[in-house]
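Trainee: When we follow our numbering, the leftmost residue of the sequence shown carries the number 9, and every step to the right adds one.
Glycine included, every Cβ here is placed at the ideal spot set by N, Cα and C.
Questions regarding the structure given below will be posed in turn.
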Amino acid sequence: MTHRERFIKTLKCEPIGGQVPTFELVFFLTMEAFGKVHPSQRRYDQWNQMSQTERNLHMNEMAQLYIDTARKYDHSAIFVHPNPGDLESTQWLLELIREKSGDEYFIMMHGDPTWAIPSGDEMMDFAVQMYEEPEKLNEMSKRRLEDSLEHARKLHEMGHLLDGFALCSDYCFNVNPFYSQEAFDDLIAPYLREVIAEYRNMGYYTIKHTDGNIMPILKQIADCKPDAIHSLDPQGGVSIPEVRKIVGPDVALIGNVNCGLLQTGTEEECRADVLRSLREGMENGRGYIFSTSNCAYTGLPLERYEMMIDIWRTYGNYDNQGR
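In structure tokens, the structure reads:
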């Protein structure tokens, strides 16, 4: 099977045998690994002034960097950050990745219209509006939902460029969710459920991402029927066995390697945590994708990430469990 085929079977919670798939929502360590700035961190203020030759060079380099990252670390999926973000440039970048890699990798983009935790400057006003004017937020949510679906429809009309969407609105702090269960039901769940259903109708898979302590709202998230839940953050007290009890065997789980330990823990602590994540994730025999509990973010030591991948290569194989 190709990486893409293994990834899709895992999202469907079908047994695959062999190596557990892996990927990162973002791999920001491209400067250390390849000597190149990550595509999402590049500024193109002068894009409109560039010659076509310059644009071609930039686009081809970005597409190749996504592929090189996946190949170096055996990622089964590529999360694309269109940059520039207009529809024409997005199509161009996706076409280049497909042209260069064929159907080897599962390709996804962000596509979440639901409300994330607001920024610190906006949090108080947003919290007040949640309780005093929820109908206004819901009117905005309807427009955000339709904008996301319209964007997905346009991409769908371009052919087989994307396999799915990662829904990247964060709902939780490490201690608890920002949204109460009641607020989640009123302000988030209807739009999360609909965007997932509509993406599925277009043939797209969905991965719902949120860091932090998702446990109080986990059942509500699972009831919206994403194909997978990411990132199962142990720094928020999230454990794979407890998540499995709540969501059952038919939702794929992604992540759970403690990013905090990867950055600041001892090597022994990191190794133990990676092995724990693999053991607990693979226990179901299917439906697990290995990754960090957030992303390979700027400041994370590359050697720690590569140690994590080496452990996965050795122990993340269903056929060798218990050996």
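Between Y305 and the rest of its own chain, which residues show a CB-CB distance below 6 Å, the 5 nearest in sequence each way excluded?
Mentor: As a position in the sequence shown, residue 305 is number 297, starting the count at 1. F36, listed in sequence order.
Trainee: From which residue to which residue does the beta strand (DSSP E) around T214 run?
Mentor: Numbered from its first residue, the sequence shown carries residue 214 at position 206. Where T214 is concerned, the enclosing beta strand (DSSP E) stretches over 213-217.
Trainee: Whole angstroms are fine: how far does the CA of Q27 sit from the CA of C21?
Mentor: Walking along the sequence shown from the start, residue 21 turns up at place 13. Walking along the sequence shown from the start, residue 27 turns up at place 19. Taking the straight line from one Cα to the other gives about 14 Å.
Trainee: Starting from H238 and walking both ways along the alpha helix (DSSP H), at which residues does that stretch end?
Mentor: Residue numbering aside, residue 238 sits at position 230 when the sequence shown is read from its first letter. Run containing H238: none in the alpha helix (DSSP H); it sits in the beta strand (DSSP E), 236-239.
Trainee: Go ahead and label M58 buried or exposed: buried means 16 or more other beta carbons lie within 10 angstroms of its beta carbon, across all protein chains shown.
Mentor: For this step, residue 58 is matched to residue 50 along the sequence shown. Exposed, since its Cβ has fewer than 16 Cβ neighbours within 10 Å.
Trainee: Determine whether the beta carbon atoms of S177 and T98 lie at a separation below 7 Å.
Mentor: The residue given as residue 177 occupies position 169 in the sequence shown. The residue given as residue 98 occupies position 90 in the sequence shown. No, the pair does not count as a contact, with Cβ atoms beyond the cut-off.
Trainee: Sort L269, F42, D111 by Cα distance to M9 and report the nearest one.
Mentor: Walking along the sequence shown from the start, residue 9 turns up at place 1. Nearest of L269, F42, D111 to M9, Cα basis: D111.
Trainee: In whole angstroms, what is the alpha-carbon distance linking A230 and Y212?
Mentor: The count along the sequence shown starts at 1 and reaches residue 230 at position 222. The count along the sequence shown starts at 1 and reaches residue 212 at position 204. Cα to Cα, A230 sits roughly 17 Å from Y212.
Trainee: Please state the DSSP three-state secondary structure of C180.
Mentor: As a first step, residue 180 must be located in the sequence shown, where it is residue number 172. Looking at C180 - three-state DSSP - the assignment turns out to be strand.
Trainee: Using 7 Å as the threshold, is the C-beta distance between S299 and P242 below it?
Mentor: The residue labelled residue 299 in the question sits at position 291 within the sequence shown. The residue labelled residue 242 in the question sits at position 234 within the sequence shown. It is not a contact, given that the beta carbons lie outside the stated cut-off.
Trainee: Who pairs with Y5 in a beta bridge, going by DSSP?
Mentor: Any answer about residue 5 is impossible in this case: the structure gives the chain only from 9 up to 331.
Trainee: Going by DSSP in three states, F35 sits in which element: helix, strand or coil?
Mentor: Position 27 of the sequence shown, counting from 1, holds the residue named residue 35. Note: F35 maps to strand in three-state DSSP.
Trainee: With 16 other CB atoms within 10 Å as the buried threshold, where does I222 fall?
Mentor: One-based indexing of the sequence shown puts residue 222 at position 214. Counting Cβ neighbours within 10 Å, I222 comes out buried, since at least 16 surround it.
Trainee: Take M39 as the anchor and find which of L65, L73, N56 has the nearest alpha-carbon.
Mentor: Here the question's residue 39 lines up with position 31 in the sequence shown. Answer by Cα proximity: L73.
Trainee: Please confirm whether L170 and L163 have their CB atoms less than 7 Å apart.
Mentor: The residue you call residue 170 lines up with position 162 of the sequence shown. The residue you call residue 163 lines up with position 155 of the sequence shown. In this structure, L163 lies closer than 7 Å to L170 by Cβ.
Trainee: So Y199 and I125 are in contact, right, with Cβ under 8 Å, and what is the actual spacing, rounded?
Mentor: For this step, residue 199 is matched to residue 191 along the sequence shown. For this step, residue 125 is matched to residue 117 along the sequence shown. Contact doesn't hold; Cβ gap of about 16 Å is too wide.
Trainee: Find out if the Cβ-Cβ distance for the pair H238, Y113 is shorter than 7 Å.
Mentor: The residue labelled residue 238 in the question sits at position 230 within the sequence shown. The residue labelled residue 113 in the question sits at position 105 within the sequence shown. No, these two residues do not count as a Cβ contact at 7 Å.
Trainee: Taking buried to mean at least 16 other C-beta atoms within 10 Å of its own C-beta, is A236 buried or exposed?
Mentor: Within the sequence shown, the letter at position 228 stands for residue 236. Under this definition A236 is a buried residue.
Trainee: Chain D beta carbons: is any one of them nearer than 7 Å to that of E32?
Mentor: The displayed structure is made up of one protein chain only, and chain D is not part of it.
Trainee: Among all the DSSP beta bridges, which residues are the ones paired with H118?
Mentor: Here residue 118 corresponds to residue number 110 of the sequence shown, with the count starting at 1. For H118, which the question treats as bridged, DSSP gives the partners A174.
Trainee: Can you grab the Cα-Cα spacing for the pair V251 / L240, in whole Å?
Mentor: Taking the sequence shown and counting its residues from 1, the one referred to as residue 251 is at position 243. Taking the sequence shown and counting its residues from 1, the one referred to as residue 240 is at position 232. The straight-line gap from Cα to Cα measures roughly 8 Å.
Trainee: Please report the Cβ distance between E32 and H83, rounded to the nearest whole angstrom; I am assuming they are in contact, meaning their Cβ atoms lie under 8 Å.
Mentor: Sequence index remark: in the sequence shown, residue 32 carries index 24 (1-based). Sequence index remark: in the sequence shown, residue 83 carries index 75 (1-based). Between H83 and E32 the Cβ distance is about 7 Å, and since that is below 8 Å, they are a contact.
Trainee: What's the gap between the Cα of M70 and the Cα of G167?
Mentor: As a working note, residue 70 is residue 62 in the sequence shown. As a working note, residue 167 is residue 159 in the sequence shown. So the two alpha carbons sit approximately 21 Å from each other.
Trainee: Could you tell me which residues DSSP pairs with T30 in its beta bridges?
Mentor: On the sequence shown, residue 30 is found 22 positions in, with the first residue counted as 1. T30 pairs with F298.
Trainee: Ends of the alpha helix (DSSP H) at V136?
Mentor: The sequence position of residue 136 within the sequence shown is 128, counting from 1. Element bounds for V136: 128-140.
Trainee: With a 10 Å radius around its C-beta and 16 neighbouring C-beta atoms as the bar for buried, classify D219 as buried or exposed.
Mentor: Translated into the one-based positions of the sequence shown, residue 219 becomes position 211. Buried, since its Cβ has 16 or more Cβ neighbours within 10 Å.
Trainee: Just tell me which of V259, T272, P224 has its CA closest to the CA of S188.
Mentor: Your numbering for residue 188 matches position 180 in the sequence shown. Cα-wise, what sits closest to S188 is P224.
Trainee: Can you tell which of G307, L308, C278 has the C-alpha that lies nearest to the C-alpha of W320?
Mentor: By one-based count along the sequence shown, residue 320 stands at place 312. With distances taken between Cα atoms, W320 lies closest to C278.
Trainee: Can you name the residues that DSSP bridges to I86?
Mentor: Within the sequence shown, numbered from 1, the residue matching residue 86 stands at position 78. Note: I86 sits in a beta bridge opposite I115.
Trainee: If the criterion is Cβ atoms closer than 7 Å, does the pair Y296 and L261 meet it?
Mentor: Indexing the sequence shown from 1 puts residue 296 at position 288. Indexing the sequence shown from 1 puts residue 261 at position 253. Closer than 7 Å, so yes.
Trainee: For P309, does the three-state DSSP call read helix, strand or coil?
Mentor: One-based indexing of the sequence shown puts residue 309 at position 301. Three-state result, P309: coil.
Trainee: Thinking C-beta only, is G172 closer than 7 Å to M116?
Mentor: As a position in the sequence shown, residue 116 is number 108, starting the count at 1. As a position in the sequence shown, residue 172 is number 164, starting the count at 1. Their beta carbons are under 7 Å apart, which means M116 touches G172 by this criterion.
Trainee: Report yes if the CB atom of N91 is closer than 7 Å to the CB atom of S156, and no otherwise.
Mentor: On the sequence shown, residue 91 is found 83 positions in, with the first residue counted as 1. On the sequence shown, residue 156 is found 148 positions in, with the first residue counted as 1. The answer is no: Cβ separation not under 7 Å.
Trainee: Using only alpha-carbon positions, find the residue among G307, M290, I215 that is nearest to N328.
Mentor: The residue given as residue 328 occupies position 320 in the sequence shown. Checked all of G307, M290, I215; the closest Cα to N328 is M290.
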